[in-house]
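Okay, so here's the structure we're looking at.
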Amino acid sequence: MKICPTCGQKIQSRRSKDISDHFHAHVTQLARETGIDRNEVYMRALIHACEIETEGGAPYPYTIIDDRLYPWRTTNRSNKEMMTAVAAVHQFAAEAGVVLKESDDDL
Ligand SMILES: [Zn+2]
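Note that my numbering gives residue 300 to position 11 of the sequence shown, counting from 1, and the numbers run on in steps of one.
The following block contains the structure:
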């Protein structure tokens, strides 16, 4: 069990599908509570993921085209890459003042 260094919430190290579900559940909740389009939240969270490091996580992959950063989509990302994406979405939520729901019951 890891704790997000920014928001202090739990990041569970589980199978990658579960981590991916965790990420997408948070993106959905953030979009709902901020009123920002879900795709926009998804992209902003992934761009942030490319810029950070998190304990136990791997750098989130991206491509640079014409000086613009394009994060790879979450499909087929490794567990460790998704750990970084989850940390990024937690930071995004903290900045937006949204308290993420963490228990499986809430997802
Ligand atoms: Zn979380």
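Where a beta carbon is used, it is the ideal one built from N, C-alpha and C, also for glycine. Small disclaimer: the values here were computed from a predicted structure and weren't measured.
Assigned secondary structure, residue i (DSSP; H/G/I helix, E/B strand, else coil)
i: Q380; result: helix
i: T352; result: strand
i: R357; result: strand
i: D307; result: helix
i: T373; result: helix
i: A320; result: helix
i: G386; result: coil
Spatial distance of residue i from residue j (CA atoms)
i: Y349; j: I336; result: 9 Å
i: E391; j: C339; result: 23 Å
i: I354; j: P360; result: 11 Å
i: E329; j: M371; result: 18 Å
i: V378; j: G346; result: 14 Å
i: L282; j: A334; result: Coverage of the chain is limited to positions 290 through 396, which leaves residue 282 absent and any answer about it impossible.
i: T352; j: R327; result: 22 Å
C-beta contact flag for residue i and residue j at 9 Å
i: A382; j: H315; result: yes
i: N368; j: I308; result: yes
i: V387; j: L319; result: yes
i: Q380; j: I341; result: yes
i: A385; j: E344; result: no
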